[in-house]
Structures are given as structure tokens and as C-alpha cells.
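Residue numbers (this note's numbering), protein chains in the order written: chain R, 403 to 1142; chain G, 2 to 373.
Beta carbons are placed, not taken as given, at the ideal position from N, Cα and C, and that holds for glycine.
Below you'll find the structure, written out as C-alpha cells, and then a few comments.
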Amino acid sequence: MEILYWEMLGEPIPPDSLRTMKARELSNLITSGTLPYVSLIATQRDDRHDYVVIDVEPEVPQRPVYDIRVTERIAIRFDPEDNVSPEPLALRQDFPLVPHLNFSAEEFPRSLCLFEEVYSEQKIHWTAARFVRQLHNWLSQTAKDELHQPDQPLEQFLVGVFQHAILPPDIFNADIENVADDISVTAADHPNGYTLIVSRNANRDISNSARPFRALVLEAQPRTHGVIRHRPSSLAELHDYLSEVDCDLEGKLRTKLEHWKDLKNQDGTGVIIVVRLPKRRHDKSPVENVEVLAFVPVASLQKLGEALGLMASHEGYTVALLGQTNTLSRADNVPLILLNPTPALTLSSAAALNNYHSRCEYHVVAVGAGALGSQIIMNLVRSGFGNWTIIDNDILLPHNLARHQLMGSALGFPKAESLAYEANLMFEGEYPVVPVVTDILKPSDEVFKALSTATLIADFSASVTVARHISLGMKAEARRISLFLNPSGTDLVLLAEDVERDHRLDQLEMSYYREVIRRPELVSHLHRGGKPLRYARSCRDVSSQIPQDTLSVLAGIGSRAVRHVSESSTAQISIWQTGEDLSVTKLLLQPSEFSKETFGEWTLWIDKSAHLTLSDLRCSKLPNETGGVLIGSYDLQRKFIYVVDTLPSPPDSEEWPTLYIRGSEGIKDEVQRIERLTNGMLTYIGEWHSHPEGCGTQPSDDDRTLFAWIKDHLMMDGLPPLMAIAGEGAQIQWFLSEIP
Amino acid sequence: MHCLTFFPLGNADCCRIDLGNGKKILFDYANMRCSDDENDKRIDLPSELRRDLEETGKKSFDVVAITHLDKDHICGLSEFFQLDHDKSFQDDDRPQIDELWVPAAIITEDGCENEAAIVQAEARFRLKQGTGIRVFSRPNRLKDWLEAEGLKLEDRLDLITDAGQTIPGLELETDGLEFFVHSPFAIRQNDCDLEDRNIDSLIVQATFTVEGVNTKVLLGADAGYEVIADMVKVTRDHAREERLEWDIFKLCHHCSYTALGPDKGEEETEPIDEVKWLFETQSQSRALIVSTSWPIENKDSLQPPHYQAAAYYRRSVNKKNGEFRVTMEHPKPTAPEPLVIKIDASGATVKKEIPLGISIITETSAPRAGLQ
């Protein structure tokens, strides 16, 4: 079977007469015999280009997908200025139409698209050997149809096409047969022309577009091979191509022009023609992919109308001609601009671009859209994570701009709404964020509705009150998490409930405080720039002097942490600390379990590890009694007392088999230290002592006297007295407010 | 995926079949390299085979088939394999042969010398033991030999496969491979007084299957055109033409014209009709011919390879958009390497990797440097 080759332009010349360095490098490499599977056939040149013609023997299976032969003759064309990548041209006349060809002005010889990188990027590592290897690889992979990555956009076909058409993703979807063309077009100007954004997103405002456009979407019949074999340069040429696939460009355009005839500014409005070419492997197999092409005729609606004989201009007036038809041959002189069709971002593609296999479809109710929250939310939305309801009542003020995700355009608007607007504008046909502008403490129906479908409730409010409300005051099944910065903005704290909510957010908060007073690394964690407060309203108030760079680091960690939480079911407490040297250290803290006792209107939440500590201390001192002070926290709004820790019996205490007198040495200093370390969240809450073996935990007369003493003193602060008696078998009896 | 590997050994044969399920089959073993000649481009076969066994963690070949006893098919065999018949061929470093395949002539031939005598002794030992062996065809002389050894043919029938049968022990469904035996024929052997190694050699069609796609390989030993003509006639008589279809043909006798026809010809050997049918009608699209031989040089020579035969083979595969590969020319005559053919659902693919300089440098030790 004789193989026919295209005649190459130019005259044969000896290899050393090649003018371009790269052509000489290639011909030298091949004649040197260094590389197997390539041989030099000819060296040629014409007025402008050098050509090196080689035979390549790719790795081709006996049953290939595409008809690549065991030997392929390729001419490589070299640009004298080296501005264009050396271009491989397949010389075999029946070289098949395969993916990854350059969409050139001529169909033959076919031009192979070897590299995804633009040539200017390739230049620094271009060698003739790498070029040959890539050419060999291209042919081998194409034979097996393994070169084409399924999610690869088409842009690589369109080398040198600078103008993009950003299109709704369904246009590229092979599963959809007819794409609705209720789409609007916005033009964004740039120095090389303009980008056309074709969208159905209602948020995209087109009313003030300086360059109005209309869109026409055409659907071709599915084919087993490509239809458009080279770049059509005129409307008539495109029409001819499309006629082959039963697609009537002229007719569709005519109908649309009719439809648009009442639009203002006919002479200033352009048209973008989007062509969908569905492809399938065999005649009866389903459509596998859709090749999308986008063109802009260099003519206004009016000119197109004239070209089609629909309108005529007369002394400055445009008149519609009735019943008049025309063929596109008259439109032959309407040139076409080819655009690079680019699918708009979807949540799934955003996830993929963030290197996640699938997107997480959690419904997250986020409370608080401040500096930290806005950045975490946007990081997650950008990675395709979640569907969001953002609840926030604030508006964006100038000082927010120093660290907030939002920009100046949002100044004065509600943060939640602006965030939703920005987030939803990134995607086409998907609206991952719903804003609710309200105070979470006075929830609206919208809030209740969101909570009822939430998978995760995330507190970014930087408010203990809000966090407690989220933990205890809202009816919702979803697990809660809280992310906040310490007052100096150096550390990020994550409190995450387990899926079963056995560890509630408020309890995790208590375990976190306990670690703050225990761990040396957390000594200055809640420190407020040298202004220790006796009683803080909140230990999360972000001071107004936090660098945005640190915040952005911690927001990055925070967003990944939310993702991690969504992938695990257990409770966790984590702290990330940034250092002066830009290092970040993670502390993983142990969440405690709490037991509950109720005393009238009061509820006591006892950290089980604190309970254990009391029992252990008792045992260590037997047969003597011992005791100490209790450390914990009040939630007076809910009449909760959390028992978190104890201080060891002071050295000046008296411990006897039937007697314990708590001393005072160091107690005051220690309680003050604890208050300082926790910004007052932990403090003295009562007394405990032990009873010896065989004596139970019933209060003695002395114990009742002690309780009265506690009561007298705590009454002065408006707080109820608390006393605990530890007895044998790890039993502890609690007395709150009164002893029955 | 299965793999076929032909080793560059000059005019000599060794083909390894690696099945997807891990089984290894060797067709012939001829280590032809002169180890003290630095310029010998033939591969160090024992090292190459041993390296592969180590990589795959195997200590034996499931099958070693010896097509006939000529030196270019068995050279050095006794230095490489563990042989059961004599302790001096046994140590732990030697790979074992789980099953030895031999044509009946290997058992019955008289006057074997050197390596041939050792291989014959091993085959005879195994046949006497009644294990680890398969014999092809049952000429009268085999019966006579068995009786002389005090054995009955009937007791060894399960170890014998005749031409026209598939070889037991390997199945398309489980192994993805089936062998069909074309030669030797007992009838032909009974007509002759003496064994003729080339005539009595083992010739099979191997059918590989992957995901329902079959790839057929003809492994022609050193048969001449008469044997091929007989094979073609018998196969047609039995209406089993598909047993002579092929995607890959390992040429007979290192690209000798004698496998095509009686006359070498000036430019191109003309095949006799049966051979022409085999190469032009039975070859499939993109057929591959493998010549296990020295490079084809464009000058007349007494010994194969004959360029006139190569010219015919090239022309016949070009018609099918196929290719003709010579083991000592692959990938280039200056540095031959094993010819590796991958077999998967796309059929057979000759592996053609353009090596990366850096990966070669980092895989091997650097030459000596420094002042001596």
C-alpha cells in the first residue's frame, strides 16, 4: 500500500545551510544516531521557514484507536525569529483527524499540538531531544487515544487565540442535548481585545455594557469525527461547515436577527456564535464529548441584517425588508474572529482545581462574617466546599477593609449579602451562598429554616455569647464548631463537637480553658497586650491591631480545619500558634466528658477528669482528709456552673483522719493567675474536701458550717455556694445553693 | 497484560512469554555472547533472565520449550538451568524448569554430543520419571525408545501432545494463552530413517487473549519451506485456517530464504504458494514479523539473514501497515536491546521508548574518574 505524502514547500538544502539554530540542532541530533526510532529524511527551506523532515517510529498497538502508523513522516517547521514553537506537520496525506491538533488556517498538512505550555515558557528548557521525545510520545499516546485528558479544556487547540469566551458549563456537557440560549453577554475590554462572558447568572449586570452583545447557540448533529477541520475565516465558510452536520447557521441567524430587530443600537451590537459539535466514538454509541467553538462575526446586528437581506440602510434609517431573503454568499465578506471557549467555574471544577476528587455538599450555617469568617468561608467556597447560609447583621465599614475578604465595592453594604454576591458570581448556574442579614440572638424564620437543614453550624462570631447561644440556645441537630482568634491575633482556636454532640461546644470551651491554665505554651495565649482585665466580657474580642498576613495564614488553616472536621466524626480542640519566626505550631488538646447534676434552677456540669482528680487526691492522703478549692466557670444567663479543675491543698492546711482545714498559702495568687490566663473565664467557684473510708459523703455539722461560710462570701458576689465531699469508691457528693 | 520478549542473540533464539497471571514461558535458550569480547553486542542472556526472575520474585520457569537441538537454540542451557538428571547441574542459584517441552526427536535422536546430549539426557530422564515433561508427537521411534527403556507408550500418553492439538495446562480463560501445535508431525518422521532437527522441530501458534481481544503469534523454529508447506496443507485439509492466522510471526531460521522457497532470488526471494498464502493472506492488520537474526545487510551471503528474504517479508508486512523487526537491529544496530512486545486489549505493541539520558546515568554507576 503506497503511502502518499504532502509535498513540502521549499527547496532541499544541506543540513548546515539551515538558518535557524533549532533546525540545525534537530538535524544534527537525528543524524548523530543518538536517539532510536527517528531518522532524517530531508532538510528544506523556503522564503521564510526552515523545515526538517523526519521519520518517527512511535509505539503503536496493532489495534490502535487512531490510525497512527508504525512510521510517520513529520516535517518540523521553524520560525526564523523563533517566536512560534517549532511546528510538527504530519506529512502523510491520510493522517487522521485526532485530538490535539492545532486549529490552523489550513487543514493540511495537519499541525500537531505537542505542548500545553505557551512557547515562551518552553523556550528555557527546549532541546531538540526533548522535542523529539515529546513528538514520539504524542504519536504513541494518540494512537491509543490516551493523550486527551477528559477534563482538558479546548484552549490548547487554539494557540495564539487571545480572546476568550467564557461560557456556561452546560454548553460543554455532552449529556445535555439542547442548551437553552437565554443567556446574556458581558464584554470585558483588555489590551488585546475583549473577553466575552456569556452567562445566565442574574447577578451579572449587563445593563451598562459599553459593548453590547447577543448570543446565538447552535447545535450540530452528533458525529464520529471532527467537522471543522480548520479555522473558518468567514461567516459563509462556517455556514458551509455546519451544513454538513445539519446545522443551519444562516436560518438560525435569520430568526434571531428577526427576534432582535427592535433592540436599540443595532449598529453597535455584536453577536457571539457558539457552536456545539457533539462527538461520539461509533455511529450508534452515545455522545462522548462536545467540541465547542465560539466566533464573533466582524459586523453589527445591522450589518448582518443587511448581509442577509433582512434590512437595508437608507439615508441613515434602517428599514426591515419584508419577505426578502438572501443567501449567505453575500455575507462572504463578513470575517469571523475565533474566540477561545472557556467553561465558567463550577463548584465541582473548583473542587477539582483545589485537588479534591469530589465536592463536599454539606449545608453549613455560618454565623459571623467578620475578618476571619469571611476569609474562611471564601476559601471553602472557592474549593467547592459546602452550600452556605451566612448569618451576619453587620455592614462593612472602612476599618473592616484592612482584613476583610470583601473589597471597597462592598463598603456600607451588609457583609453577608456582599459575600454571597461575590461568592455566587464566581460560578455559573450555581449559587452556593445564601445570606441572612439578621442578629443570630434574635433569629428570624429564615434562620430557623436554615438550621433545620444544616449539616454543620460554624461559629465565626468571635463572641462567647453567640458561641454559647449556638451551643445551647438553638434547636438544630447539626454538630457545631467554633473558630476564633486569641485576643492578640497570633493563635487560631478550633472547637469542634463530635457528630453525636456528646461533647458540646460550651463543654469544649471549658476543656480549652483548663488547658490554657495548665500548658506553659499557652501562658500568653489569652493575654491582652499588657492590659489584664479582672473580668472580661469576652476573651475573643479581636483587637483592632492584627496583621492581615497572620490572619490570612490562620484563615487558611481554619478553612482546611473545617474540611478536616467534616471528614471526621470525633470532637476536637486544636490551637495553631504563629511564631515571630513565621512558624506555626499545632496543639491538640484533650476534650473532657462532663457529667450533669441539677439543683433547682441551677445546673452543675462536672468535668469527669476533675472528678477523677478529686478522688485521686483523696486516696493519696488517706487515712487523712484533704481538700482544696474548686476552679470553674459560671454561665449566669443559663444558671450553669462548670467544674473544671481544683487547686491542690495549700501547704498550710491541716489534714487529719477526721478533719480538714484548708490553708490559704498561695491560693489567692493562683486564682488570680488563673483569672489572668483565662481572661476571667475560669475562677474560684467553691470548696471540696474528702471523707475517710467508711464515712460516706453526708455532710457533717462542720461541713454545714463550712457551706454557710462559703455562702456568706459568695452571696457578696451574687453567686451560689458550691461544696463537694469526696468519699470512697470515687463517689462525690455535690451541694449547690443549699444543703438539704 | 502479557508480554513477549525476543532477545538480541545474533542468529539464535530465545523468546520469553510473561503472562498477566505471572507465569513465565521460555521458547529456546541460546546464550551466544562471548563474555570476553567487549564489542559483542549480543545480550548477556543468563544475567538478563536472572534479573527478571529476581524482579518478579520467581525461581523457576513454568515452561521451557526446546524447539530442537541445534546450538543456536540451546547454547549454554546446562550452565543456566537446574537439571534433574545430574547433580552437577544442581544448585540453588539455577532457575528450575517446571515443565520441559520437547519434540519427540529430542528423545529419539542418536549420536547427540555436547549441549545437545545434556538436554537430551534431561528430557529422557524426565520422560522416564514421568513428570515435568511434555513430548510432541509420537513417531514409531518414540515407542521403540520407550520399550527399550522398559516403558510402554500407553503409560506416557498424558505427557504427549500431537500436532493438531492444543497443549494442556494452559488455557485461554485462566491463563489468557493457548498453544496449538503445528509441528512435528509423526507421519513425516515415520517416513524418514533419521531425525532431521529442522523438520522435526516444535512449531506452535500461541493465542493470547485480553478482554476478548485475541493476538495470535506463530513461533516458527527453523522450519524450511517444505515443512511450512506441509503445515499449511494439513491445516487447510482440516479447515483450521484460523490456526495459521497471525499478528506476530517469529521467522523461521533467522530470515533464511529457505523458509520461503527453493531459490534465493536476486533482489527478493519468491515464496512458494503455500508460504505466500501464509504471509499475505493469514497476516492480520499491522502484522509484525520478528527476525531473530543479525542485522540485515544489503549484500549476498551464504548464511542467513538473507536480504532477499527480508525484502519479501518487508514488502508483505508493509501491505498490512505492519512492521519488520530484526532483533540485532532493535532499537538500533549499534546498541541492540531486547524487543519487548506488550499484548493487551489494543493488541500487540512494540515497546519503543526513547531513553532519557538522565535516567540512564542515574541507574548505572559512573565510569572511573580521578588520577591513576
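Excluding residues up to 5 positions away in sequence, Arg244 and Leu245 lie with their Cβ nearer than 6 angstroms to the Cβ of threonine 236 of chain G in the same chain. With its beta carbon at least 8 angstroms from every one in chain R, serine 284 of chain G lies outside the interface. In the three-state DSSP reduction, arginine 244 of chain G falls in the helix class (H, G or I).
Each of R:Val676, R:Gln947 and R:Pro463 was checked against the Cα of alanine 567 of chain R, and the nearest Cα belongs to R:Val676. Per DSSP, tyrosine 308 of chain G is one residue of the alpha helix (DSSP H) stretching across 308-319. Note that the region 1078-1094 of chain R touches the region 1050-1065 of chain R; at least 3 beta-carbon pairs, one per stretch, sit closer than 8 angstroms. In the structure shown, the three-state DSSP call for threonine 657 of chain R is helix. Residue state for tryptophan 540 of chain R is assigned as helix, using DSSP reduced to three classes. A straight line joining the alpha-carbon of phenylalanine 480 of chain R with that of methionine 423 of chain R spans about 9 angstroms.
Taking C-alpha positions only, leucine 549 of chain R is separated from proline 466 of chain R by approximately 13 angstroms. Considering only G:Arg139, G:Ser79, G:Leu147 and G:Leu152, the residue with the shortest C-alpha distance to isoleucine 119 of chain G is G:Ser79. C-alpha of isoleucine 1087 of chain R to C-alpha of phenylalanine 1001 of chain R: approximately 15 angstroms in a straight line. Under the Cβ criterion of 8 angstroms, serine 347 of chain G is counted among the residues facing chain R. When DSSP states are grouped into helix, strand and coil, leucine 679 of chain R belongs to the strand group. Counted as a single uninterrupted DSSP element, the alpha helix (DSSP H) harbouring glutamine 121 of chain G occupies residues 115-130.
In the structure shown, tyrosine 468 of chain R adopts coil according to DSSP, grouped into three states.
For tryptophan 662 of chain R, the three-state secondary structure derived from DSSP is coil. Beta-bridge pairing by DSSP links leucine 220 of chain G to G:Val205 and G:Lys251. With fewer than 16 other CB atoms across the displayed protein chains lying within 10 angstroms of its CB, isoleucine 526 of chain R is exposed.
A residue is called buried when at least 16 other Cβ atoms come within 10 angstroms of its Cβ; tryptophan 540 of chain R meets this threshold and is buried.
Nearest in C-alpha terms to glycine 323 of chain G, of all of R:Glu461, R:Glu830, R:Gln950 and R:Thr748, is R:Glu461. Secondary structure note for tryptophan 978 of chain R: its beta strand (DSSP E) is the uninterrupted segment 974-980. For proline 9 of chain G, there are no C-beta contacts with chain R under 8 angstroms, since the nearest C-beta of that chain is about 13 angstroms from it. For the set G:Asn12, G:Leu5 and G:Met2, the Cα lying nearest the Cα of cysteine 253 of chain G is the one of G:Asn12. Separation of glutamine 909 of chain R and aspartate 900 of chain R (C-alpha to C-alpha, rounded to the nearest whole angstrom) is 12 angstroms. Using a Cβ distance threshold of 8 angstroms, alanine 696 of chain R and leucine 741 of chain R count as a contacting pair. Scanning chain R for C-beta atoms nearer than 7 angstroms to the C-beta of glutamate 243 of chain G yields nothing, as the closest lies near 17 angstroms away. The three-state secondary structure of asparagine 603 of chain R, taken from DSSP, is coil. According to the DSSP assignment, valine 836 of chain R belongs to the beta strand (DSSP E) that extends over 835-838. Interface criterion met: the Cβ of lysine 546 of chain R is under 8 angstroms from a Cβ in chain G.
When rounded, the separation of the alpha-carbon atoms in tyrosine 313 of chain G and serine 294 of chain G is 16 angstroms.
The criterion of a C-beta distance shorter than 8 angstroms is satisfied by alanine 818 of chain R and valine 839 of chain R. Here methionine 1118 of chain R is exposed: its Cβ has fewer than 16 other Cβ atoms, across all protein chains shown, within 10 Å.
Restricting attention to R:Lys663, R:Ala622, R:Thr1015 and R:His929, the CA atom closest to the CA of arginine 1075 of chain R is found in R:His929. Listed in chain order, the beta strand (DSSP E) elements of length 3 or more contained wholly in the region 1089-1117 of chain R amount to none. Bounds of any alpha helix (DSSP H) do not take in histidine 566 of chain R; it lies within the beta strand (DSSP E) bounded by 566-569.
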